[in-house]
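A.B. asks: Start counting the sequence shown at 306; every next residue gets the next number (this note's numbering).
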Amino acid sequence: MTQTAQTLSTDATTQIAEALNQCVAETAVTTMLAQNFHWNVTGMAFGPLHALFQTIYEDHFTAQDDLAERIRALDAHAEGTLAGMIKRSKVAEVDGVPADQEMIRLMKEAQETLAETIAGAGELAANHGDTLTEDLCIARGQAHEKFAWMLRAHLA
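1) Starting from residue 382, trace the alpha helix (DSSP H) in both directions and tell me its first and last residue.
2) Alpha carbon to alpha carbon, how far is residue 461 from residue 314?
3) Beta-carbon of residue 361 versus every beta-carbon of chain D: anything under 8 Å?
4) So the candidates are 336, 417, 385, 457; which of them puts its Cα closest to the Cα of residue 362?
5) Note down the Cα distance separating residue 409 from residue 370, rounded to an integer number of angstroms.
6) For residue 377, which residues in the same chain have their Cβ closer than 7 Å to its Cβ, ignoring the five residues on either side in sequence?
7) Could you please give the first and the last residue of the uninterrupted alpha helix (DSSP H) stretch that includes residue 455?
8) What number of angstroms, rounded off, separates the C-alpha of residue 434 from the C-alpha of residue 372?
9) Tell whether a beta-carbon distance below 8 Å holds between residue 401 and residue 423.
10) As a quick exercise: from 325, 333, 320, pick the residue whose alpha carbon is nearest that of residue 398.
11) Between residue 440 and residue 347, is the Cβ-Cβ spacing less than 8 Å?
12) Report back the beta-carbon spacing between residue 420 and residue 449 to the nearest angstrom; my notes put them in contact at under 8 Å.
13) If you measure between the beta carbons of residue 322 and residue 368, is that distance less than 8 Å?
14) Hey, out of 452, 428, 455, 354, whose CA is closest to residue 341's CA?
Here's what the structure looks like:
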């Protein structure tokens with residue numbers, strides 16, 4: 306049975322909000338990773354990579370808001386601290402300035418991690434009949450898989 310934010314059980318809301326907070330955390334860390342790479346990339350592919358990293362961080366900034374607003378629509382708390390997001394995230398920050406190919410590899414891995422996390426949140430939402438959250442997760446997962454594909458093409 307399809308559920309809305311108001312008709313989900315408390316247990317379902319808690320589980321879905323927790324999964325979405327994981328998505329927000331990983332998206333936030335990846336946003337900063339992309340911005341860091343955008344600022345610091347060098348080399349022969351500077352132009353295209355500078356632009357691609359900007360496209361990624363701009364997309365992810367909007368996505369963070371969409372995910373957090375869904376959490377709030379579920380009447381749950383959206384994690385809003387950087388420390389909390391970094392602690393929760395499976396995507397790690399990067400120290401130093403890696404070479405361009407390493408930046409691409411790290412960003413590809415971050416996109417794959419995000420796609421996996423968001424797919425899991427979508428599946429959880431579907432299991433509880435929350436098609437609205439599932440739909441959001443499907444759209445976000447598709448975006449992350451597309452970014453991963455674009456990054457893999459740079460490594461070929």
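Note that CB positions come from ideal geometry on N, CA and C, so glycine has one too.
C.D. replies: Concretely, from the data shown:
1) If you number the sequence shown from 1, residue 382 lands on position 77. Unbroken run through residue 382: none, as it is neither H nor E.
2) Counted from its first residue, the sequence shown places residue 461 at position 156. Counted from its first residue, the sequence shown places residue 314 at position 9. Their Cα atoms are separated by approximately 47 Å.
3) Of the protein chains in this structure there is only one, and it is not chain D.
4) As a working mapping, residue 362 is identified with position 57 in the sequence shown. It is 336.
5) One-based indexing of the sequence shown puts residue 409 at position 104. One-based indexing of the sequence shown puts residue 370 at position 65. A direct Cα-Cα distance of roughly 25 Å separates residue 409 from residue 370.
6) By 1-based counting over the sequence shown, the position of residue 377 is 72. Closer than 7 Å at the Cβ level, and outside the excluded window around residue 377, lie 383.
7) Counting from 1 along the sequence shown, the entry for residue 455 is found at position 150. That run of the alpha helix (DSSP H) goes 436-460.
8) Walking along the sequence shown from the start, residue 434 turns up at place 129. Walking along the sequence shown from the start, residue 372 turns up at place 67. Straight-line Cα distance between these residues: approximately 18 Å.
9) Taking the first residue of the sequence shown as position 1, residue 401 is located at position 96. Taking the first residue of the sequence shown as position 1, residue 423 is located at position 118. Going by C-beta atoms, residue 401 is not nearer than 8 Å to residue 423.
10) Counted from its first residue, the sequence shown places residue 398 at position 93. Taking only the C-alpha atoms, the option nearest residue 398 is 333.
11) Numbered from 1 along the sequence shown, position 135 holds the residue referred to as residue 440. Numbered from 1 along the sequence shown, position 42 holds the residue referred to as residue 347. No, the Cβ-Cβ distance between residue 440 and residue 347 is not below 8 Å.
12) Sequence index remark: in the sequence shown, residue 420 carries index 115 (1-based). Sequence index remark: in the sequence shown, residue 449 carries index 144 (1-based). Yes, they are in contact, since the Cβ atoms of residue 420 and residue 449 sit about 4 Å apart, within 8 Å.
13) Taking the sequence shown and counting its residues from 1, one reaches residue 322 at position 17. Taking the sequence shown and counting its residues from 1, one reaches residue 368 at position 63. When the beta-carbon positions are compared, residue 322 and residue 368 stay at least 8 Å from each other.
14) Here residue 341 refers to the residue found at position 36 of the sequence shown. That would be 354, whose Cα lies nearest to the Cα of residue 341.
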